[in-house]
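K.L.:
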Amino acid sequence: MSAHLAPQAGPLEAFGRWLTQERELRDLEREDLAAETRLGLGVIESIESGEEARMPPRSYLVGYLRSYATAAGLDPDEVVLRWQEAAGPEAAAPRRPPARRWLPLVVAALLLGAVAAAVASVLLRSSG
Numbered sequence: 336m337s338a339h340l341a342p343q344a345g346p347l348e349a350f351g352r353w354l355t356q357e358r359e360l361r362d363l364e365r366e367d368l369a370a371e372t373r374l375g376l377g378v379i380e381s382i383e384s385g386e387e388a389r390m391p392p393r394s395y396l397v398g399y400l401r402s403y404a405t406a407a408g409l410d411p412d413e414v415v416l417r418w419q420e421a422a423g424p425e426a427a428a429p430r431r432p433p434a435r436r437w438l439p440l441v442v443a444a445l446l447l448g449a450v451a452a453a454v455a456s457v458l459l460r461s462s463g
C-alpha cells in the first residue's frame, strides 16, 4: 500500500502561493491588481506562479513586487524580503558588471594618437 506523494514545492512556488493567498484574503482579483499597478495580467500571473522561468527578469521583479504589494495592501519591504529569501542569495545581491577602468585610458590614448597624427601632418606639409 504505497501512497502517492506530490513533489515538494520549491521556495519560489511557496512564495507565489503566499502572494496568491494574501491577494485572495483581501478579495482582490488579479485583474484588480493589474489595473492598479499597470502591470500586465501575465506579469501578475507569472509572479504568483512562483515558476522562475515564467517570472520577469530579476532587474524588474523587485519593482513589480513593490507595486504588487502596495496595490494588495501588503508591506512592500516584507514582500521583497520574502522573495529574496525564497529566491536565494543570488537574488539578494544583484551582480554588478565589472568596472571598466581601462575605458578612459583607451579613449585618452586614441585622442592623443589623433592629435599626434594631426600635428605630424601639419609639420610635414609646412616643411615640404
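In terms of the numbering used here, the sequence shown opens at residue 336 and continues consecutively.
Think of the CB as a built atom: it goes at the ideal place given N, C-alpha and C, for glycine as much as any other residue.
#1: Within the chosen definition, does the region 346-359 reach the region 416-423 through at least 3 CB pairs nearer than 8 Å?
#2: Within the same chain, show all residues whose beta-carbon is closer than 7 Å to that of V378, passing over the 5 residues directly before and after it, in chain order.
#3: Please determine whether the Cβ atom of L368 lies at a distance below 7 Å from any heavy atom of the ligand NAD.
#4: Using alpha carbons as the reference points, say which of G345, T372, Y403, L374 lies closest to E472.
#5: At the 8 Å Cβ level, is T372 part of the contact set with chain D, yes or no?
#6: Contact defined as beta carbons within less than 8 Å: I believe V415 pairs with R393. What is the distance between those atoms, to the nearest angstrom?
#7: Use the C-beta contact count for S381: other C-beta atoms within 10 angstroms, 16 or more gives buried, fewer gives exposed.
#8: Should E364 and A406 be called a contact, given that it needs their Cβ atoms to be closer than 8 Å?
#9: Following the continuous alpha helix (DSSP H) through G377, name the residue where it begins and the one where it ends.
P.N.:
From the atom records:
#1: yes
#2: P391, Y399
#3: This structure does not include the ligand NAD; it has no bound ligands of any sort.
#4: The structure shown does not extend to residue 472, since the chain is modelled only from 336 to 463, so the question has no answer here.
#5: In the structure shown, chain D does not exist; there is a single protein chain.
#6: Contact doesn't hold; Cβ gap of about 12 Å is too wide.
#7: buried
#8: no
#9: 376-384
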